[in-house]
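Visitor: Chains U, V, W, R, C and P, in that order, are what the protein sequence lines are. In terms of our numbering, the first sequence opens at residue 152 and continues consecutively. In terms of our numbering, the second sequence opens at residue 152 and continues consecutively. In terms of our numbering, the third sequence opens at residue 152 and continues consecutively. In terms of our numbering, the fourth sequence opens at residue 152 and continues consecutively. In terms of our numbering, the fifth sequence opens at residue 152 and continues consecutively. In terms of our numbering, the sixth sequence opens at residue 152 and continues consecutively.
6 protein chains.
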Amino acid sequence: MTQDTDLPTALNLPPVDPLPPETQKYFDICTEKLGLVPNVLRAYAFDIAKLNAFAAMYNDLMLGDSGLSKLEREMIAVVVSSINRCWYCQVAHGAAVRELSGDPKLGEAMVMNYRAAHLEPRQRAMLDFAEKLTEASHRIEEADRQTLRDHGFSDRDIWDIAAVVGFFNMSNRIASASGMEPNEAYHGAHR
Amino acid sequence: MTQDTDLPTALNLPPVDPLPPETQKYFDICTEKLGLVPNVLRAYAFDIAKLNAFAAMYNDLMLGDSGLSKLEREMIAVVVSSINRCWYCQVAHGAAVRELSGDPKLGEAMVMNYRAAHLEPRQRAMLDFAEKLTEASHRIEEADRQTLRDHGFSDRDIWDIAAVVGFFNMSNRIASASGMEPNEAYHGAHR
Amino acid sequence: MTQDTDLPTALNLPPVDPLPPETQKYFDICTEKLGLVPNVLRAYAFDIAKLNAFAAMYNDLMLGDSGLSKLEREMIAVVVSSINRCWYCQVAHGAAVRELSGDPKLGEAMVMNYRAAHLEPRQRAMLDFAEKLTEASHRIEEADRQTLRDHGFSDRDIWDIAAVVGFFNMSNRIASASGMEPNEAYHGAHR
Amino acid sequence: MTQDTDLPTALNLPPVDPLPPETQKYFDICTEKLGLVPNVLRAYAFDIAKLNAFAAMYNDLMLGDSGLSKLEREMIAVVVSSINRCWYCQVAHGAAVRELSGDPKLGEAMVMNYRAAHLEPRQRAMLDFAEKLTEASHRIEEADRQTLRDHGFSDRDIWDIAAVVGFFNMSNRIASASGMEPNEAYHGAHR
Amino acid sequence: MTQDTDLPTALNLPPVDPLPPETQKYFDICTEKLGLVPNVLRAYAFDIAKLNAFAAMYNDLMLGDSGLSKLEREMIAVVVSSINRCWYCQVAHGAAVRELSGDPKLGEAMVMNYRAAHLEPRQRAMLDFAEKLTEASHRIEEADRQTLRDHGFSDRDIWDIAAVVGFFNMSNRIASASGMEPNEAYHGAHR
Amino acid sequence: MTQDTDLPTALNLPPVDPLPPETQKYFDICTEKLGLVPNVLRAYAFDIAKLNAFAAMYNDLMLGDSGLSKLEREMIAVVVSSINRCWYCQVAHGAAVRELSGDPKLGEAMVMNYRAAHLEPRQRAMLDFAEKLTEASHRIEEADRQTLRDHGFSDRDIWDIAAVVGFFNMSNRIASASGMEPNEAYHGAHR
Chain U
152 MTQDTDLPTA
162 LNLPPVDPLP
172 PETQKYFDIC
182 TEKLGLVPNV
192 LRAYAFDIAK
202 LNAFAAMYND
212 LMLGDSGLSK
222 LEREMIAVVV
232 SSINRCWYCQ
242 VAHGAAVREL
252 SGDPKLGEAM
262 VMNYRAAHLE
272 PRQRAMLDFA
282 EKLTEASHRI
292 EEADRQTLRD
302 HGFSDRDIWD
312 IAAVVGFFNM
322 SNRIASASGM
332 EPNEAYHGAH
342 R
Chain V
152 MTQDTDLPTA
162 LNLPPVDPLP
172 PETQKYFDIC
182 TEKLGLVPNV
192 LRAYAFDIAK
202 LNAFAAMYND
212 LMLGDSGLSK
222 LEREMIAVVV
232 SSINRCWYCQ
242 VAHGAAVREL
252 SGDPKLGEAM
262 VMNYRAAHLE
272 PRQRAMLDFA
282 EKLTEASHRI
292 EEADRQTLRD
302 HGFSDRDIWD
312 IAAVVGFFNM
322 SNRIASASGM
332 EPNEAYHGAH
342 R
Chain W
152 MTQDTDLPTA
162 LNLPPVDPLP
172 PETQKYFDIC
182 TEKLGLVPNV
192 LRAYAFDIAK
202 LNAFAAMYND
212 LMLGDSGLSK
222 LEREMIAVVV
232 SSINRCWYCQ
242 VAHGAAVREL
252 SGDPKLGEAM
262 VMNYRAAHLE
272 PRQRAMLDFA
282 EKLTEASHRI
292 EEADRQTLRD
302 HGFSDRDIWD
312 IAAVVGFFNM
322 SNRIASASGM
332 EPNEAYHGAH
342 R
Chain R
152 MTQDTDLPTA
162 LNLPPVDPLP
172 PETQKYFDIC
182 TEKLGLVPNV
192 LRAYAFDIAK
202 LNAFAAMYND
212 LMLGDSGLSK
222 LEREMIAVVV
232 SSINRCWYCQ
242 VAHGAAVREL
252 SGDPKLGEAM
262 VMNYRAAHLE
272 PRQRAMLDFA
282 EKLTEASHRI
292 EEADRQTLRD
302 HGFSDRDIWD
312 IAAVVGFFNM
322 SNRIASASGM
332 EPNEAYHGAH
342 R
Chain C
152 MTQDTDLPTA
162 LNLPPVDPLP
172 PETQKYFDIC
182 TEKLGLVPNV
192 LRAYAFDIAK
202 LNAFAAMYND
212 LMLGDSGLSK
222 LEREMIAVVV
232 SSINRCWYCQ
242 VAHGAAVREL
252 SGDPKLGEAM
262 VMNYRAAHLE
272 PRQRAMLDFA
282 EKLTEASHRI
292 EEADRQTLRD
302 HGFSDRDIWD
312 IAAVVGFFNM
322 SNRIASASGM
332 EPNEAYHGAH
342 R
Chain P
152 MTQDTDLPTA
162 LNLPPVDPLP
172 PETQKYFDIC
182 TEKLGLVPNV
192 LRAYAFDIAK
202 LNAFAAMYND
212 LMLGDSGLSK
222 LEREMIAVVV
232 SSINRCWYCQ
242 VAHGAAVREL
252 SGDPKLGEAM
262 VMNYRAAHLE
272 PRQRAMLDFA
282 EKLTEASHRI
292 EEADRQTLRD
302 HGFSDRDIWD
312 IAAVVGFFNM
322 SNRIASASGM
332 EPNEAYHGAH
342 R
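1. Please check if any C-beta of chain P sits within less than 9 Å of the C-beta of V242 (chain R).
2. Can you look up I291 (chain P) in the DSSP assignment and give me helix, strand or coil?
3. Using a 10 Å radius around the Cβ and a threshold of 16 neighbouring Cβ atoms, would you call S329 (chain U) buried or exposed?
4. Since R296 (chain V) and A196 (chain U) are thought to touch, with beta carbons under 8 Å apart, how far apart are those beta carbons, to the nearest angstrom?
5. Under a CB-based cut-off of 9 Å, is V316 (chain W) close to chain R?
6. Could you name the residues of the same chain whose beta carbon sits closer than 7 Å to that of Y265 (chain C), not counting the 5 residues immediately before and after it, in chain order?
7. Taking only beta-carbon atoms, is H289 (chain U) less than 9 Å away from chain V?
8. Under 9 Å between the Cβ atoms of S288 (chain V) and R324 (chain U)?
9. Would you mind stating whether D306 (chain W) and K201 (chain R) have Cβ atoms separated by less than 9 Å?
10. On the CB-based measure, 16 or more other CB atoms within 10 Å of its CB, does L214 (chain W) come out buried or exposed?
11. Relative to the C-alpha of H341 (chain R), which candidate in R:S252, R:Q274 and R:G317 has its C-alpha closest?
12. Between P333 (chain P) and V242 (chain P), which are expected to be in contact by the criterion C-beta below 8 Å, what is the C-beta distance as a whole number of angstroms?
13. Which two residues bound the contiguous alpha helix (DSSP H) that contains Y265 (chain V)?
14. Taking its Cβ as the centre, do 16 or more other Cβ atoms sit within 10 Å of G258 (chain R), making it buried, or is it exposed?
15. Give the DSSP-derived three-state secondary structure of D301 (chain U) in the structure shown.
16. R307 (chain W) versus chain R: which residues are under 7 Å apart at the beta carbon?
17. According to DSSP, simplified to helix, strand and coil, what is H244 (chain P)?
18. Relative to the C-alpha of V191 (chain C), which residue among C:D179, C:I180, C:A206 and C:D311 is closest?
19. Looking at M208 (chain C) and S233 (chain C), is the spacing between their C-beta atoms short of 9 Å?
20. Which same chain residues end up closer than 7 Å to M331 (chain U) when comparing Cβ atoms and leaving out the 5 residues on each side of it in sequence?
21. With DSSP run on the structure shown, which of helix, strand or coil describes N235 (chain R)?
22. In the DSSP assignment, find the unbroken alpha helix (DSSP H) run with T174 (chain V) in it and report its ends.
23. Rank R:S217, R:P169, R:E223 and R:L164 by C-alpha distance to the C-alpha of A281 (chain R) and give the top, closest one.
24. Taking 9 Å as the threshold (C-beta atoms), are A313 (chain W) and L270 (chain W) in contact?
25. Could you have a look at S252 (chain R) and say whether DSSP puts it in helix, strand or coil?
26. Is the separation between the beta-carbon of A336 (chain R) and that of G186 (chain R) shorter than 9 Å?
27. Taking V167 (chain R) as part of the alpha helix (DSSP H), name the residues at either end of that continuous run.
28. Mind reading off the beta-carbon distance from G344 (chain U) to D301 (chain U)? Whole number of angstroms is fine, and I expect it under 8 Å.
29. Do we get a CB-CB distance below 9 Å when we pair L284 (chain P) with the residues of chain D?
30. Enumerate in chain order the residues of its own chain whose CB-to-CB distance from E225 (chain C) is below 7 Å, with the five nearest sequence positions on each side excluded.
31. Following the continuous alpha helix (DSSP H) through M213 (chain V), name the residue where it begins and the one where it ends.
32. Cβ of M152 (chain P) less than 9 Å from any chain C Cβ?
33. Roughly how many angstroms separate the alpha carbons of F178 (chain C) and L164 (chain C), rounded to a whole number?
34. At a CB-CB cut-off below 8 Å, which residues of chain U make contact with R126 (chain V)?
35. Helix, strand or coil, according to DSSP, for D371 (chain R) in the structure here?
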């Protein structure tokens, strides 16, 4: 278990102390399951309403039901974070790609250049859409949605791709703006 | 009151029918207060868990306590949405800037080029940070945070600026990816 | 009628005083027809030769015979001015699009993202060409001209599209460089 | 003397035939003084009103009274045309810089990278402004104008710089959109 | 020892067979020291003159005498390769940074966003110069060189920084153009 | 013969003195054949090992056997150097294109905008690849290589194109970083 004692960002926003029992329980579960409390959660803990809203959206999006596998959602997370060069999210979600895929090389490719990963066409189309939506969202049109449908994605899947791309375009910016540091344990995990 | 009967996006994701009573009540309150149910809420209504997570985060961020005024948060929303050229968010939040400020010209400036607005230095610094965080988040560093502090923003204010910038970088992309159309009533409101 | 008494730009270049009789007559006609003298004309009035050259080119281009309707020329004007984020030209010509089309939403779409306007293919091709010519003129080649011809534009029409795109790439820069302010009356007109 | 017989652009827009006597006289003077009729004038000769408006603006701007020397105006013309990679204008105005300066190397530097020219600070500031106004006109603010004033430029000079920058951002696009070819004689002139 | 049997690029350029004795000896030394023959050397082995020229420049630059440590040269290599998103060079030289520094986190930061590495000012200035030289070399001027001198770099050091930045801007492009794959062993090395 | 006596860059790195006999002989041959010692060689002469590595790679690449003509290699050199706006390389290799082609206009087109040169499709495809590899090497994929093969290039030719593009992306940066000045004689040569 990693115990990070410093503040997780460059902002002087210490967690509420003591944490409410439900939050403490949530963090204890994280420690039990992951061996750590992700610093993004520790960063939000200065305001429990904000923490809960973030966690609810995250858990629905990344862990809830979807036509996209959890690995695919993590692949999108890393590709978006790589375009935005977000330190926290590349480290944390790069580890998740390595863990879920059992393929450290895939995690590196998502960080470095997803074109190097020699993916099946369906996943490649998903990441091409994620890149365009991150770099030039104003150019997305019906033809882009249709390309995804032609690769077998449903309209619900398209929503989920968009929502994951959107979510990491949000959290990348919050992490970069606040100077968020990833937990040390992510770096060497699942190599 | 505006009654939009078509789907609010280009995706075939109709709302759950009937809406759960709590959701119906929320939409009724929107209609009563705003004269419409914002299409972004109608768009999310295909999945109530997603709708609730979105609404919880939105309400905390844009309507909750903050060192930023509601108008300032809407100004950030429009500047971010203008950089990303998001049709839905520029229309809907441009109307909000006009309403909260009573100054239609300010709403136009946020859409067209915030530099034209001749703002006080504090608000200008806030929008300069929002622009940089949207266009090049990987270049944000301690000096950028310090500039905000030098203009009187607290570390909590900096978090809130980052969170609003992040949120609209998310919702801009979800709206553009899904082809979300703004409610007609926004266009002429508060001119 | 709006009566702007301050200088229309941030440059200390007052109009010649008194104006020559022909110029005064031209300005009187503007006031009679438009309810105002557009600030761009007032800005040029420090030098009557420059004013006359500008007005002659503008009137030929925007009001003279062309295979493009006046509305189409104004649509191009706003799309170019939106890419360049010119405060003066988006405000003034946005009002013109609203007036000529009777469709305030169309004016907003030209400012915010012309892809949102759901145009007929001919007008869409015209604006795609305008965007490319504004953003990357060195990449225009015969294939781009042929695309316009395939949408029914004549070679003379192509010249006119290019000339309008060029003209606003000029005036956007003169307006931005000089800090030109639009007349107040434009903001609320034809909403 | 060069006699170009083909159409000067890729558009099928032949000159009016015969030219009106005044136009013919103007072209004869060009041939006498320059040894050629610049292709940009031949290109506009399909419509005499457009030709006259263009020529009036060009002559006022590039040959009329100004605090900028004719060479300085041509230097701006080439720097703008280089950023826009306009074939016609770099060739024609590159020759003008060589002629007016008697320094072929200066002409090359304006085309290739004006930073290489080791200019006096006043001219360097003028070209830095021209570059910014061409590449990111929406970021021009009072501080940029003040920098020019600090280098000795009057407000009228600033207008003239802006007007030349604007003019070539227009003509670069008309030339590129129409596929305009420079007269052969420019290439070797004043080397 | 890793034995890669396939061609190291997407181009059908097999090595000369048999390798000349000197080349074979060089490759044997690589295998002995590194446990592998770097695929970039195997890629060049279709032409021994090209291989020798590449190896001579590489060895002088990265292994020869310099005011820059070998680690610093590898840090530059990875930062440049990250900007260019070169799969081969990020993998291979990321491993080198991990090995030379004994700090896997430093290797990740060079790949993901060098600003996250909290470097001493001298190394930060070195990487800022490398970034600018990679992204906008035409904007490098005397002030940029002077900044390096102010951080204690000699003119020879500046040359070496430029030469390493230049070299990887070359090899990134050769690797990307040819579809070069890194040796498998790099991925997990020195984690 | 041109005799440049000052240092060829802005770095205080004088040549070793006296030059080793082999280097002196090489420079004498340059003077005899070219009428000058190219400043890039004089710049490298502060370190003979670096000079030799550079010259070996340059001579193999630009003068050795290849499916690309020497003129084609110089055309690539200038197009790359134009994108990077390298003063030294555009001047020196622009002269080489003029010399090898006997067509000064071709040299200008490579500097100003290669699309203006009306090349045969094979050479146009070669330069399009060079542009993409210079501007966005991470987007090069098998389809780009196949386009070159479809125009008749062998895999060895593709390597050579990539190697020339890469080499000038290196030398452009070394020249710009060091403030390298071209020999005066290049400017007027072969006009």
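Ideal placement from N, C-alpha and C gives every residue a C-beta, glycine not left out. What you are looking at is a predicted structure, and each value in this text was computed from that prediction instead of being measured.
Guide: So, to answer that:
1. Stepping through the fourth sequence from its first residue, residue 242 (chain R) is reached at position 91. Closer than 9 Å: yes.
2. Along the sixth sequence, one-based indexing puts residue 291 (chain P) at 140. Three-state result, I291 (chain P): coil.
3. Counting from 1 along the first sequence, the entry for residue 329 (chain U) is found at position 178. With 16 or more other Cβ atoms within 10 Å, it is buried.
4. As a first step, residue 296 (chain V) must be located in the second sequence, where it is residue number 145. As a first step, residue 196 (chain U) must be located in the first sequence, where it is residue number 45. So it is not a contact: roughly 20 Å between Cβ atoms.
5. Residue numbering aside, residue 316 (chain W) sits at position 165 when the third sequence is read from its first letter. By this cut-off, V316 (chain W) is an interface position.
6. The count along the fifth sequence starts at 1 and reaches residue 265 (chain C) at position 114. Answer for Y265 (chain C): V230 and L278, listed in chain order.
7. Looking up residue 289 (chain U) in the first sequence gives position 138. Taking Cβ atoms only, chain V reaches closer than 9 Å to H289 (chain U), which makes this a yes.
8. For this step, residue 288 (chain V) is matched to residue 137 along the second sequence. For this step, residue 324 (chain U) is matched to residue 173 along the first sequence. Yes; because the gap between Cβ atoms is below 9 Å, this pair is in contact.
9. Here residue 306 (chain W) refers to the residue found at position 155 of the third sequence. Here residue 201 (chain R) refers to the residue found at position 50 of the fourth sequence. The answer is no: Cβ separation not under 9 Å.
10. Residue numbering aside, residue 214 (chain W) sits at position 63 when the third sequence is read from its first letter. Label assigned to L214 (chain W): exposed.
11. Translated into positions along the fourth sequence, residue 341 (chain R) becomes position 190. If we check each option's Cα against that of H341 (chain R), R:S252 comes out closest.
12. Taking the sixth sequence and counting its residues from 1, the one referred to as residue 333 (chain P) is at position 182. Taking the sixth sequence and counting its residues from 1, the one referred to as residue 242 (chain P) is at position 91. About 4 Å separates the two Cβ atoms, so the contact holds.
13. In the second sequence, the residue the question calls residue 265 (chain V) occupies position 114. First-last for Y265 (chain V): undefined, no H or E at that position.
14. In the fourth sequence, residue 258 (chain R) corresponds to position 107, counting from 1. Result: buried.
15. One-based indexing of the first sequence puts residue 301 (chain U) at position 150. If DSSP states are grouped into helix, strand and coil, D301 (chain U) belongs with the helices.
16. For this step, residue 307 (chain W) is matched to residue 156 along the third sequence. Those are L164, listed as they occur along chain R.
17. Working through the sixth sequence from its first residue, we reach residue 244 (chain P) at position 93. Looking at H244 (chain P) - three-state DSSP - the assignment turns out to be helix.
18. If you number the fifth sequence from 1, residue 191 (chain C) lands on position 40. Nearest option by C-alpha distance: C:A206.
19. In the fifth sequence, counting from the first residue as 1, residue 233 (chain C) sits at position 82. In the fifth sequence, counting from the first residue as 1, residue 208 (chain C) sits at position 57. Result no, Cβ atoms of S233 (chain C) and M208 (chain C) do not sit closer than 9 Å.
20. By one-based count along the first sequence, residue 331 (chain U) stands at place 180. Contacts found: P159, T160, N190, V191, A194 and Y239.
21. Mapped onto the fourth sequence, residue 235 (chain R) falls at position 84. In the structure shown, N235 (chain R) sits in coil (DSSP, three-state: anything other than H, G, I, E or B).
22. For this step, residue 174 (chain V) is matched to residue 23 along the second sequence. That run of the alpha helix (DSSP H) goes P172 to L185.
23. Start at 1 with the first residue of the fourth sequence, and residue 281 (chain R) comes out as number 130. For the residues R:S217, R:P169, R:E223 and R:L164, the minimum Cα distance to A281 (chain R) belongs to R:E223.
24. Taking the first residue of the third sequence as 1, we reach residue 270 (chain W) at position 119. Taking the first residue of the third sequence as 1, we reach residue 313 (chain W) at position 162. Not a contact, by the Cβ cut-off of 9 Å.
25. In the fourth sequence, counting from the first residue as 1, residue 252 (chain R) sits at position 101. In the three-state reduction of the DSSP assignment, S252 (chain R) falls in the helix class, which pools H, G and I.
26. On the fourth sequence, position 185 is the one that residue 336 (chain R) refers to. On the fourth sequence, position 35 is the one that residue 186 (chain R) refers to. A contact, by the Cβ cut-off of 9 Å.
27. Within the fourth sequence, numbered from 1, the residue matching residue 167 (chain R) stands at position 16. Premise fails: V167 (chain R) is in no alpha helix (DSSP H) and is neither H nor E.
28. This structure cannot settle anything about residue 344 (chain U), because the visible part of chain U is limited to 152 through 342.
29. Here chain D cannot be found, since the structure's protein chains are U, V, W, R, C and P.
30. By 1-based counting over the fifth sequence, the position of residue 225 (chain C) is 74. Contacts found: H244, A247, V248 and L251.
31. Locating residue 213 (chain V) in the second sequence gives position 62, where the first residue counts as 1. Unbroken alpha helix (DSSP H) run through M213 (chain V): I199 to L214.
32. Taking the first residue of the sixth sequence as position 1, residue 152 (chain P) is located at position 1. Reliability of the predicted coordinates at M152 (chain P) is poor, the pLDDT of 35 falling under 50, and the value obtained from them is presented with this limitation in mind. Output row for M152 (chain P): interface = no.
33. Reading the fifth sequence from its first residue, position 27 is the one you call residue 178 (chain C). Reading the fifth sequence from its first residue, position 13 is the one you call residue 164 (chain C). Computed Cα separation, rounded: 18 Å.
34. Chain V is shown from 152 up to 342; residue 126 (chain V) falls before or after that span and cannot be answered.
35. Since the displayed chain R opens at 152 and closes at 342, residue 371 (chain R) lies outside it and no answer follows.
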